[in-house]
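Undergrad:
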Amino acid sequence: MKNKAFSIIVGLIIVGIGIGYGLQALNYIDHFTVFIKGWWTIFIIVPGLVMLFTRGANKFVSLCLIALGAALFLHQQNILGDFKKYVIPALIIIFGLSIIINAFVGGRKKNNTFIPEIPEDGSIPVFETSFGEVKPDYSGRVFEGCSMDVTFGSGTLDLRNSIIDKEVTINVNTAFSGIDIKLPQGCRVDLQTSTSFGGVENKYLSSDAPDAPLVHITVAVSFGGVEIK
0 MKNKAFSIIV
10 GLIIVGIGIG
20 YGLQALNYID
30 HFTVFIKGWW
40 TIFIIVPGLV
50 MLFTRGANKF
60 VSLCLIALGA
70 ALFLHQQNIL
80 GDFKKYVIPA
90 LIIIFGLSII
100 INAFVGGRKK
110 NNTFIPEIPE
120 DGSIPVFETS
130 FGEVKPDYSG
140 RVFEGCSMDV
150 TFGSGTLDLR
160 NSIIDKEVTI
170 NVNTAFSGID
180 IKLPQGCRVD
190 LQTSTSFGGV
200 ENKYLSSDAP
210 DAPLVHITVA
220 VSFGGVEIK
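Sequential numbering of the sequence shown, starting at 0, is according to numbering that gives the first Met the number 0.
#1: Check each candidate in ASN172, ILE8 and ILE114 and name the one with the smallest Cα separation from VAL220.
#2: Taking the alpha-carbon of THR192 as reference, which of GLY223, GLU116, GLN184 and GLU166 has the nearest alpha-carbon?
#3: Just to confirm the assignment, what range does the beta strand (DSSP E) spanning GLY224 have?
#4: Do LEU190 and ILE216 have their C-beta atoms within less than 7 Å of each other?
#5: Can you check DSSP and say which residues form a bridge with PHE42?
#6: To the nearest whole angstrom, what separates the beta carbons of PRO212 and LYS165, a pair I think is in contact under 8 Å?
#7: What residue does the beta strand (DSSP E) around SER221 start on, and which one ends it?
#8: From what residue to what residue does the beta strand (DSSP E) around GLN191 run?
#9: DSSP three-state call for SER161: helix, strand or coil?
#10: Check whether the Cβ atoms of ILE43 and LEU64 sit closer than 7 Å, and answer yes or no.
#11: In three-state terms, what does DSSP make of SER146?
#12: Who are the Cβ neighbours of GLU200 in its own chain at under 6 Å, not counting the five residues just before and after it?
#13: According to DSSP, is ALA174 helix, strand or coil?
#14: Quick one, which of SER61, PRO88 and LYS36 has its alpha-carbon nearest LEU71's?
#15: Which of the three DSSP states, helix, strand or coil, is assigned to LEU62?
#16: Give me the Cα-Cα distance between CYS145 and PRO209, rounded to the nearest whole angstrom.
#17: For PHE142 and GLU116, I'd like the C-alpha separation in whole angstroms.
#18: For GLY154, which of helix, strand or coil comes out of DSSP?
#19: If you count every other CB in all the chains shown that lies within 10 Å of the CB of SER61, and 16 or more means buried, which is it?
#20: By Cβ distance, which residues of its chain are closer than 6 Å to SER231, with the 5 residues on each side in sequence left out?
#21: If distances are taken between C-alpha atoms only, which option among SER138, LEU156 and GLY139 comes closest to VAL125?
#22: Are the Cβ atoms of PHE34 and GLY19 separated by less than 7 Å?
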């Protein structure tokens, strides 16, 4: 669905550009260019539009991206003044619209839980998604580490029913997304973070036992959040 939505949106943009240059060639308009003030906001609006028509994607986040991009564009055009005072009312309206839209196009929520495959070369598995959700299932299995790469989506790494009996590493790289990491009791956590307009919250109570398995968690997050518990 996301590829279809992306293709349709990009196609419409290209058609619009073609129409603009065509009208200029026919002298219906004096001058047309795609590089108008605030043209860069398309890189905020388009991902929001793709998420809006992607089943399972967060509609609230998608509408926030569209609204943010539109507000920045209007601000660049000097049409919208100090848009900061409109943020709270806009968020309330967007939240209500996201509920309505999700009722029509959200459909039945897809179960994205899967049993991960262990690489034969001994490396740790990499779970990645864009405009979607990733939920590896390690219930009753030995966990030896993994990497999560999530963009414009969400991820859940639930290890509460897994087996961690040695030092392991979890690498997280995320943008415009939210990720939850749930650890079993009796582990020690070594957390290293790098954030840009995002946050990492560690609610996990590490063990004081010197022989407890050590979990290294390295997080790089931009415009998103990671919670460890």
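Backbone N, C-alpha and C fix where the C-beta goes; we use that ideal spot for every residue, glycine too.
TA: For this structure:
#1: Along the sequence shown, one-based indexing puts residue 220 at 221. Residue ASN172 is the option with its Cα nearest to VAL220.
#2: As a position in the sequence shown, residue 192 is number 193, starting the count at 1. Minimum Cα distance to THR192 is reached at GLY223.
#3: Within the sequence shown, residue 224 is the residue found at index 225, counting from 1. It spans 224–227 - the beta strand (DSSP E) in which GLY224 sits, taken as one unbroken run.
#4: Within the sequence shown, residue 190 is the residue found at index 191, counting from 1. Within the sequence shown, residue 216 is the residue found at index 217, counting from 1. Yes, the Cβ-Cβ distance between LEU190 and ILE216 is below 7 Å.
#5: As a first step, residue 42 is located in the sequence shown; it is residue number 43 there, counting from the start. The partner list for PHE42 (beta bridge, DSSP) is empty, contrary to what the question assumes.
#6: Here the question's residue 212 lines up with position 213 in the sequence shown. Here the question's residue 165 lines up with position 166 in the sequence shown. Correct: roughly 6 Å between the Cβ atoms.
#7: Numbered from 1 along the sequence shown, position 222 holds the residue referred to as residue 221. Unbroken beta strand (DSSP E) run through SER221: 213–221.
#8: Counting from 1 along the sequence shown, the entry for residue 191 is found at position 192. It spans 187–195 - the beta strand (DSSP E) in which GLN191 sits, taken as one unbroken run.
#9: In the sequence shown, counting from the first residue as 1, residue 161 sits at position 162. DSSP places SER161 in coil when its eight states are reduced to three.
#10: The sequence position of residue 43 within the sequence shown is 44, counting from 1. The sequence position of residue 64 within the sequence shown is 65, counting from 1. Taking 7 Å as the Cβ cut-off, ILE43 and LEU64 qualify as a contacting pair.
#11: As a working note, residue 146 is residue 147 in the sequence shown. Strand.
#12: Sequence index remark: in the sequence shown, residue 200 carries index 201 (1-based). Excluding residues within five positions, the ones whose Cβ falls inside 6 Å are GLU226.
#13: As a position in the sequence shown, residue 174 is number 175, starting the count at 1. Strand, per DSSP.
#14: What you label residue 71 is simply residue 72 of the sequence shown in a count that begins at 1. When only C-alpha atoms are compared, the closest one is LYS36.
#15: For this step, residue 62 is matched to residue 63 along the sequence shown. Here LEU62 sits in helix by DSSP.
#16: Looking up residue 145 in the sequence shown gives position 146. Looking up residue 209 in the sequence shown gives position 210. If you take the alpha carbons of CYS145 and PRO209, they lie about 23 Å apart.
#17: Position 143 of the sequence shown holds residue 142. Position 117 of the sequence shown holds residue 116. Cα-Cα distance, rounded: 11 Å.
#18: The residue labelled residue 154 in the question sits at position 155 within the sequence shown. Strand.
#19: Counting from one through the sequence shown, the residue named residue 61 turns up at place 62. Classification of SER61: buried, given that the 10 Å Cβ count is 16 or more.
#20: The requested residue 231 is not part of the displayed model; the chain covers only 0 to 228.
#21: Residue 125 sits at position 126 when you count from the first residue of the sequence shown. Checked all of SER138, LEU156 and GLY139; the closest Cα to VAL125 is LEU156.
#22: For the purposes of this step, residue 34 is taken as residue 35 along the sequence shown, with counting starting at 1. For the purposes of this step, residue 19 is taken as residue 20 along the sequence shown, with counting starting at 1. No, the Cβ-Cβ distance between PHE34 and GLY19 is not below 7 Å.
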